[in-house]
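To convert, note that position 233 of the sequence shown is 233 in the working numbering; the numbers rise steadily by one, no gaps.
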Amino acid sequence: MRRGTTLKRDGCRVKICGITCPEDRELVYRAGADYFGVIIDVPYSPRRLSIEAAADLFKNAPLPGVALVFQRNKEQIKQIVEHCRPQVVQFLSPMLLESLYELKRSFPIISWWQSLFLSPAGTVSQADLNNLQQQLRELAGAGADAVMLDTVVKTSAGMRFGGTGQASDWELARSLLEDSPLPVFLAGGINPSNVRKAMEMVHPDGIDLCSGVEAEPGRKDPKKLFELLGEIRKWEKENTERMR
């Protein structure tokens with residue numbers, strides 16, 4: 001790993017998000033992913049689950065689970081952690097740095113991940129890059145364990161943060177990774193046909209995706225899932241051999 005991290009596994013970690021049922025949770029595990037993600041009461045997501053349904057998926061899970069939350073305050077986050085007992089909490093909306101610091105102190109065993117959203121490729125300025133670099137430094141100081149670089153797009157219903165199926169600016173993502181104080185996951189528009197290109201171009205610490213391995217919103221496609229994991233692990237092996 002290039003940066004300090006609580007993510008123990010060497011190589012590229014893989015998080016499959018939008019899990020809605022035990023069958024897909026088990027499928028993700030068999031395919032070799034490192035994390036499964038559950039979207040909890042996020043109003044714009046067709047893959048959202050209630051806190052009660054999410055808690056059932058985190059219970060006795062065969063791999064670490066990530067609780068994705070949106071526009072929740074510190075006390076609401078504490079309730080989700082205590083009820084669902086995930087291994088990771090991922091903030092889809094910005095979390096106040098002082099709240100992140102307190103949550104980290106209250107639940108040191110939990111990993112805390114923050115999503116940062118990039119515009120689609122070709123629309124990001126140098127000022128955007130500088131702002132994102134500053135956010136990375138501040139998040140590291142507040143106790144964040146990792147960041148997820150995802151895509152934000154404007155829709156008729158408003159801004160859509162993640163789950164867009166659109167790729168972000170990978171050149172910008174690579175620039176952010178070069179001096180990031182935190183591990184960085186790449187998300188946004190990744191699928192079996194482009195994951196190798198994404199890894200070659202960005203060299204992320206992890207890959208995070210949802211719709212790229214779905215048969216329909218909320219249900220995973222076994223063929224796409226195993227193909228994606230196969231491409232990632234093949235790239236890992238080839239990259240390791242090149243580094244020798």
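Here a beta-carbon is modelled for each residue, glycine too, at the ideal position from N, C-alpha and C. Every value quoted in this text rests on a predicted model; they were computed, and no experiment measured them.
From this set, the options, which residue's C-alpha is nearest residue i's C-alpha?
i, options, result
"P46", "R72, I19, Q114", "I19"
"L229", "V213, E238, A53", "V213"
"V88", "G188, C21, C17", "C17"
"E82", "A215, K59, N131, E227", "K59"
"D145", "N130, D56, P192, V66", "V66"
"N191", "I39, P222, A127", "P222"
"E57", "Y29, P204, A198", "Sequence inspection shows Leu at residue 57; the Glu mentioned does not correspond to that position. Comparing Cα-Cα distances from L57 to each of Y29, P204, A198, the minimum goes to Y29."
"V69", "G218, I39, I207", "I39"
"S106", "K220, Q134, S211, G143", "G143"
"K234", "R219, M199, E26", "M199"
"P64", "R48, G32, I77, K224", "G32"
"P183", "L136, P108, R25", "L136"
"R25", "G218, A173, E231", "G218"
"R86", "L49, Q134, R48, G37", "Checking the displayed sequence, the identity of residue 86 turns out to be Pro instead of Arg. Looking at the Cα atoms, G37 is the closest of the given residues."
"L27", "G11, K224, Q134", "K224"
When the Cα atoms are used, what is the spatial distance from residue i to residue j?
i, j, result
"P245", "V195", "No answer is possible for residue 245: it lies beyond the span of the chain, which begins at 1 and ends at 244."
"V202", "L177", "8 Å"
"S111", "L103", "10 Å"
"E171", "D179", "14 Å"
"D34", "R13", "6 Å"
"D41", "I51", "7 Å"
"W113", "K74", "14 Å"
"A55", "L132", "33 Å"
"F161", "P43", "Because F161 carries a pLDDT of 49, less than 50, the predicted location of this residue cannot be relied on, and the following value inherits that uncertainty. For F161 and P43, the distance between alpha carbons rounds to 11 Å."
"A53", "N239", "39 Å"
"L97", "C21", "33 Å"
"D205", "M95", "22 Å"
"K237", "F226", "16 Å"
"C210", "E138", "28 Å"
"A127", "A187", "22 Å"
"P108", "Q76", "17 Å"
"E245", "K220", "Examination of residue 245 is not possible in this model, given that the chain is present from 1 through 244 alone."
"I232", "R48", "27 Å"
"S246", "C84", "What the structure shows of the chain is the stretch from 1 to 244, and residue 246 is not part of that stretch, so it cannot be assessed."
"K197", "A173", "13 Å"
"R3", "G11", "With a pLDDT of 40 at R3, under the threshold of 50, the modelled position of that residue is not reliable, and the figure given next carries that caveat. If I take the Cα positions, the gap works out to 13 Å."
"G189", "V147", "17 Å"
Going by DSSP, what residues sit across from residue i in a beta bridge?
i, result
"T151", "L118"
"Y44", "BP columns for Y44 are empty, so no partner."
"F257", "Residue numbering for the chain in the displayed model covers 1 to 244; residue 257 lies beyond these limits and cannot be assessed."
"E214", "K220"
"V184", "V147"
"D208", "K15, A187"
"Q301", "Since the displayed the chain opens at 1 and closes at 244, residue 301 lies outside it and no answer follows."
"S111", "V88"
"L49", "I40"
Contact defined as beta carbons within less than 8 Å: I believe residue i pairs with residue j. What is the distance between those atoms, to the nearest angstrom?
i, j, result
"P181", "A140", "4 Å"
"T151", "L100", "Actually they are not in contact, since the Cβ atoms of T151 and L100 sit about 23 Å apart, beyond 8 Å."
"V71", "S93", "Inspection of the sequence shows that residue 71 is occupied by Gln rather than by Val. The pair is a contact, with the Cβ atoms about 5 Å apart (cut-off 8 Å)."
Below 8 Å between beta carbons: does that hold for residue i and residue j?
i, j, result
"F175", "L116", "The residue you asked about is not Phe; residue 175 is Ser in the sequence shown. Against a cut-off of 8 Å, the Cβ pair of L116 and S175 comes out as no contact."
"F185", "L149", "yes"
"D208", "K15", "yes"
Counting only beta-carbon atoms, is residue i nearer than 8 Å to chain B?
i, result
"L182", "Of the protein chains in this structure there is only one, and it is not chain B."
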